[in-house]
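Visitor:
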Amino acid sequence: MVKPQVRRRAFTFGAAAAAFGLGGCAGTQDDAARPRAANGGGVLTPWLAIDGGWRADPRQPLQIVPVPGARLRFVQPVGVAALGDLLLVADAGARMVWRIDRGRDAMAPFAPFTGGSPGHAASLHVANDMSVWVALPAEHQVVQYDPRGRVVRRFLDDANAPRPVAVAVPDSRAEVFVGDGAAAQVAVFDPLGRTVGLLGGGRHPVLQSIAAMALGPDGLYVLDPLAQQVVVLGRGGEVVAVIGENQLLRPRALAVDRSGRVFVSDDADQRIKVFRGADMVAAVGGAGGGPGRFGRIEALAVDGNMLYVADSVNARVQVMLVAPPSLERRGARS
């Protein structure tokens with residue numbers, strides 16, 4: 001078996017300048033010059049844009065009929081997690097994690113949000129029982145909340161995870177994986193908040209940086225923006241696969257569906273690139289404010305056949321319909 005090679009990229013000043021020059025600002029381009037939103041080879045289809053909701057009582061389940069006139073809007077959404085009709089959205093502008101009922105178009109404050117770290121979006125995870133984990137790098141911790149927004153536990157390790165920027169929790173909840181942006185490694189906690197292991201670091205590190213993480217069929221998927229790739233780690237920290245090599249420039253957000261498709265946003269062109277293994281099967285989007293276009297993609301989340309895209313510049317969360325793997329058309333681009 002051939003061992004996957006982890007790339008160690010030297011990010012020179014010239015390369016950095018070229019990369020940041022490509023990003024641009026959505027508001028500075030003429031609409032005609034902007035890349036068209038792709039059909040994604042049948043993989044992704046724009047369906048819904050969520051910019052807020054009717055205010056609901058945070059003390060009650062989101063089953064109250066919205067009050068006309070009391071509509072709330074996102075300011076700067078930088079993180080998203082989803083479970084059925086329930087959404088959790090981290091809003092850096094409002095300094096709040098919002099709880100949203102998509103079906104009823106209602107929202108309520110869930111918990112205060114102190115903001116992500118510079119260059120990183122917010123990482124959230126929601127479990128089947130509606131428990132929520134939020135990474136707070138400025139506070140050097142990941143906080144677990146119950147369904148009503150009350151703090152259950154804090155996960156801290158100043159030695160191994162001083163700047164937690166990403167969190168992933170398996171359905172069993174036997175472990176909590178915390179990606180650290182300072183040490184470029186993953187601290188593994190038990191449910192009681194004790195550190196029980198480290199992945200990706202040590203004497204022979206396989207990661208240069210961490211921006212986002214997700215659990216998938218092959219293990220723990222870690223977005224390494226400095227190496228411009230996604231590294232898949234096995235339970236022992238071994239490299240199982242490398243995804244996106246030579247196909248990503250400024251990767252920022254990550255999600256993985258149950259079939260193993262990997263969705264990565266690229267700040268260079270504001271597209272979502274879809275991978276199956278090493279193959280890119282679609283590239284969707286482009287800079288702009290219309291359906292299927294993005295100002296700045298901060299975070300991605302997959303739930304069932306829906307991909308949620310937090311866009312801080314357009315102040316909304318777009319919902320993209322994800323086609324079954326059997327309907328993919330490989331190699332589709334914007």
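Residue 334 is where the sequence shown ends in full-length UniProt numbering, and the numbering goes up by one at each step. Think of the CB as a built atom: it goes at the ideal place given N, C-alpha and C, for glycine as much as any other residue.
(1) With DSSP as the reference, label ASP86 as helix, strand or coil.
(2) When the distance is taken between beta carbons, is ALA161 closer than 7 Å to VAL178?
(3) For GLY289, which option in GLY42, ILE50, LEU44, VAL43 has the closest C-alpha, if you only look at C-alpha atoms?
(4) What three-state label does DSSP hand ALA26 in the structure shown?
(5) Can you tell me whether DSSP reads residue 348 as helix, strand or coil?
(6) With DSSP collapsed to three states, give me the class of ALA122.
(7) Mapping the DSSP letters down to three states, classify ALA325 as helix, strand or coil.
(8) In the DSSP assignment, what residue or residues form a beta bridge with ASP257?
(9) One question on the structure: do VAL230 and VAL262 come within less than 7 Å of each other, judged by their Cβ atoms?
(10) Quick test of your reading: VAL97 and ALA108, contact by CB under 8 Å. State the CB separation rounded to the nearest angstrom.
(11) Is it true that the CB of ALA182 sits closer than 7 Å to the CB of GLN208?
(12) To which residues does DSSP link TRP47 through a beta bridge?
(13) For ALA82, which option in ALA299, ASN314, ALA323 has the closest C-alpha, if you only look at C-alpha atoms?
(14) Taking VAL313 as the reference, which of LEU44, GLY93, ASP85 has the closest Cα?
(15) Beta-carbon separation of THR45 and LEU254 under 7 Å?
(16) Which partner residues does residue 359 have in the DSSP bridge list?
(17) Using the C-alpha atoms, what's the distance from ARG71 back to LEU86?
(18) Is it buried or exposed for ARG271, if we count other Cβ within 10 angstroms and need 16 for buried?
(19) Between which two residues does the beta strand (DSSP E) containing ARG55 stretch?
(20) Which complete beta strand (DSSP E) runs does the region 185-239 hold, if anything under 3 residues is left out?
(21) To the nearest angstrom, report how far apart LEU233 and LEU199 are at their CA atoms.
(22) Buried or exposed for ASP311, please, with buried defined as at least 16 other CB atoms from any protein chain shown within 10 angstroms of its CB.
Guide: Working from what's here:
(1) Asp is not the amino acid found at residue 86; the sequence shown has Leu there. Three-state DSSP puts LEU86 in a strand.
(2) A Cβ-Cβ contact shorter than 7 Å links VAL178 with ALA161.
(3) Looking only at GLY42, ILE50, LEU44, VAL43, the smallest Cα-Cα distance to GLY289 is reached by ILE50.
(4) Residue placement at ALA26 is flagged as unreliable, the pLDDT there being 34, under the threshold of 50; the coordinate-derived value follows with that caveat. Shown here, ALA26 sits in a helix according to DSSP, grouped into three states.
(5) Missing from the structure shown is residue 348; the chain here goes from 1 to 334 and no further.
(6) Here ALA122 sits in coil by DSSP.
(7) Here the sequence assigns Pro to residue 325, which means Ala is not the residue at that position. Correct three-state label for PRO325: helix.
(8) The partner list for ASP257 (beta bridge, DSSP) is empty, contrary to what the question assumes.
(9) One thing to note: VAL230 has its Cβ within 7 Å of the Cβ of VAL262.
(10) Separation of the CB atoms of VAL97 and ALA108 is rounded to 10 Å, and the pair is thereby denied contact status at 8 Å.
(11) A distance of 7 Å or more separates the beta carbons of GLN208 and ALA182.
(12) By DSSP's assignment, TRP47 forms no beta bridge with any residue.
(13) That would be ALA299, whose Cα lies nearest to the Cα of ALA82.
(14) Of LEU44, GLY93, ASP85, the residue nearest in Cα terms is GLY93.
(15) No, they are not a contact pair.
(16) Past the boundaries of the shown model lies residue 359; the chain is included only from 1 to 334, so the question cannot be answered.
(17) Roughly 18 Å between the two C-alpha positions.
(18) Only buried fits ARG271, as 16 or more other CB atoms lie within 10 angstroms of its CB.
(19) Element bounds for ARG55: 52-55.
(20) Along the length of the region 185-239, whole beta strand (DSSP E) runs at least 3 residues long occupy 185-189, 195-199, 212-216, 219-224, 229-233, reported in chain order.
(21) Cα-Cα distance, rounded: 8 Å.
(22) Sixteen is the threshold: when 16 or more other Cβ atoms of the shown chains lie within 10 Å of the Cβ of ASP311, as they do, the residue is buried.
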